[in-house]
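So the structure is just underneath, and the comments pick up after that.
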Amino acid sequence: MNIKLDQNTPDYLASLFISLMKEGITANQIMVGIVQLATDTQDLDGMTASVDCLRCLLGTLPIDTSAEGVSNFVASLATKGVTTLMLLDALGFACHQCALADFAAIIHLTYQELEADKLISKVLGE
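What follows is the structure in structure tokens.
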């Protein structure tokens, strides 16, 4: 699988996640911040599949709250205009670069599903 960043995802997010993983932070720990951001910003509200997608993702990537500072930092990126989709895209790419193929695949599939749901919701809303 060849994973590339979406044009809307800043490169620095993937670089940040790759650096964190090289220092021992896991994708599971980063996911806590992503879910926190999605909940706090209600970024995915109105998207039919969003809850099911995140629930499925969390079923395969069990929550690890042992890196609270990292989680809080990731969640705080919302103030910089970062969205849940950008973070999922960057995390999937970072997992791919760090040879975590299984994590990369499930995160990337979740990202694609949410991106498609976003487009469908936008079309139905117009």
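Numbering of the sequence shown is given in this note's numbering, commencing with residue 2 and proceeding in unit increments. Cβ coordinates follow ideal geometry from the N, Cα and C atoms, glycine included. Remember, it's a predicted structure, so these values are computed and weren't measured experimentally.
Only counting the same chain, and skipping five residues up and downstream in sequence, which positions put a Cβ closer than 7 Å to that of Ala76?
Position 75 of the sequence shown, counted from the start, is the residue given in the question as residue 76. Closer than 7 Å at the Cβ level, and outside the excluded window around Ala76, lie Gly34, Gln37, Leu38 and Asp41.
Quick test of your reading: Asp65 and Asn9, contact by CB under 8 Å. State the CB separation rounded to the nearest angstrom.
Counting from 1 along the sequence shown, the entry for residue 65 is found at position 64. Counting from 1 along the sequence shown, the entry for residue 9 is found at position 8. Not quite, the Cβ-Cβ distance comes to about 27 Å (not below 8 Å), so this is no contact.
Are Glu116 and Leu86 closer than 8 Å when you measure CB to CB?
On the sequence shown, position 115 is the one that residue 116 refers to. On the sequence shown, position 85 is the one that residue 86 refers to. In this structure, Leu86 lies closer than 8 Å to Glu116 by Cβ.
Reducing DSSP to helix, strand and coil, say where Ala100 ends up.
Taking the first residue of the sequence shown as position 1, residue 100 is located at position 99. Here Ala100 sits in coil by DSSP.
Within its chain, find whatever has a CB closer than 7 Å to the CB of His109; leave out the 5 residues flanking it on each side and keep chain order.
Here the question's residue 109 lines up with position 108 in the sequence shown. Correct list, in chain order: Ile4 and Gly93.
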